[in-house]
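Chain order of the listed sequences is A and B.
Going left to right, the first sequence walks through residues 21 to 132 as our numbering numbers them.
Going left to right, the second sequence walks through residues 9 to 119 as our numbering numbers them.
Structure record follows, encoded as structure tokens.
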Amino acid sequence: SQTIHQWPATLVQPVGSPLSLECTVEGTSNPNLYWYRQAAGRGLQLLFYSVGIGQISSEVPQNLSASRPQDRQFILSSKKLLLSDSGFYLCAWRGQPNQPQHFGDGTRLSIL
Amino acid sequence: AQTVTQSQPEMSVQEAETVTLSCTYDTSENNYYLFWYKQPPSRQMILVIRQEAYKQQNATENRFSVNFQKAAKSFSLKISDSQLGDTAMYFCAFYGQNFVFGPGTRLSVLP
């Protein structure tokens, strides 16, 4: 069966520090991969999605970036974090077009 | 562009009673899929139910059912025999060309 792993679960970083959040999927190949951000008590904001290795689409201009170095690995990065980058980050994958997205457990990011 | 609207930011229901969460969407596509996700306080996103637009029959999963009105572009979620564990944020989602999520409805089940 397919599983999705996202880490770390919690992260506290100072303003201006770099960021790397990792997401991996097991049990499937060539998944569509997504990064979302969720502010407290709010909906999901799509940040990036990827349909294949090295293919990244950005939905919102910001100081975050994403990479997909391997088929089942999706990384969210920043060179210098801002206070506004605080939030809950969710990674998701989808297989066939008619299938729902499946989410990781999320990363709670706090910027100090 | 597709949009998803959930007009009820917050709702509450007594345990064992029935509650209906509203969702409307806007699209020009004819083939698409609709989903309801649940996000409990643990913040995991859990798929509750899905509906294919080409199917007229409303989807049902145990205590969860939907009322899909394609012409009205409405996709409401009915929770029967509400349980305390149903307390969560509920997101309606649309998939046509892209995935679009609604803003969510916070449901509280009261003992």
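Even glycine gets a Cβ: it sits at the ideal position worked out from N, Cα and C.
Rank B/VAL74, B/VAL12, B/PRO119 by C-alpha distance to the C-alpha of B/GLY93 and give the top, closest one.
Counted from its first residue, the second sequence places residue 93 of chain B at position 85. Closest by alpha carbon: B/PRO119.
- Residues bridged to A/GLY72 by DSSP? On the first sequence, position 52 is the one that residue 72 of chain A refers to. Answer is A/GLN75.
Query raised in the report: A/ILE131: which of A/SER37, A/ALA29, A/HIS25 sits nearest, CA to CA?
Result: Here the question's residue 131 of chain A lines up with position 111 in the first sequence. Nearest to A/ILE131 by alpha-carbon distance, out of A/SER37, A/ALA29, A/HIS25, is A/SER37.
* For A/VAL45, which residues of its own chain have a beta-carbon under 6 Å away from its beta-carbon, when the five flanking residues on both sides are left out? -> Numbered from 1 along the first sequence, position 25 holds the residue referred to as residue 45 of chain A. The residues are ILE24, PRO51, ARG92, TRP113.
| Beta-carbon spacing of A/LEU129, A/SER106 below 8 Å | Taking the first sequence and counting its residues from 1, one reaches residue 129 of chain A at position 109. Taking the first sequence and counting its residues from 1, one reaches residue 106 of chain A at position 86. Yes, Cβ-Cβ distance for A/LEU129 and A/SER106 is below 8 Å.
Mind listing which residues of the segment 103-118 of chain A have their C-beta closer than 9 Å to chain B's C-betas, in chain order?
-> Cβ contacts with chain B: PHE108, LEU110, ALA112, ARG114, PRO117, ASN118.
Considering only the alpha carbon of each residue, which of B/THR95, B/GLY112, B/TYR103 lies closest to B/GLU23?
As a working mapping, residue 23 of chain B is identified with position 15 in the second sequence. Of the candidates B/THR95, B/GLY112, B/TYR103, the one whose C-alpha sits nearest the C-alpha of B/GLU23 is B/THR95.
| query | With DSSP run on the structure shown, which of helix, strand or coil describes A/GLY168? | reply | It is not possible to answer for residue 168 of chain A, since the shown part of chain A is limited to 21 through 132.
Residues of its chain near B/TYR62, where Cβ-Cβ distance is below 7 Å and the 5 sequence neighbours each way are ignored: Indexing the second sequence from 1 puts residue 62 of chain B at position 54. Here the set comprises ASN39.
- Going along chain B in order, which residues have a C-beta closer than 7 Å to the C-beta of A/PRO120? What you label residue 120 of chain A is simply residue 100 of the first sequence in a count that begins at 1. Against chain B, a Cβ distance below 7 Å from A/PRO120 picks out PHE43, LEU55, ARG58.
#### Entry: Residue from B/PHE83, B/ASP89, B/SER88 whose Cα sits closest to the Cα of B/PHE143
Outside the displayed range of chain B (9 to 119) lies residue 143 of chain B, so it cannot be described from this structure.
Interface partners of B/PRO111 on chain A, CB under 8 Å: Here residue 111 of chain B refers to the residue found at position 103 when the second sequence is read from its first residue. Chain A residues near B/PRO111: ARG62, GLY63.
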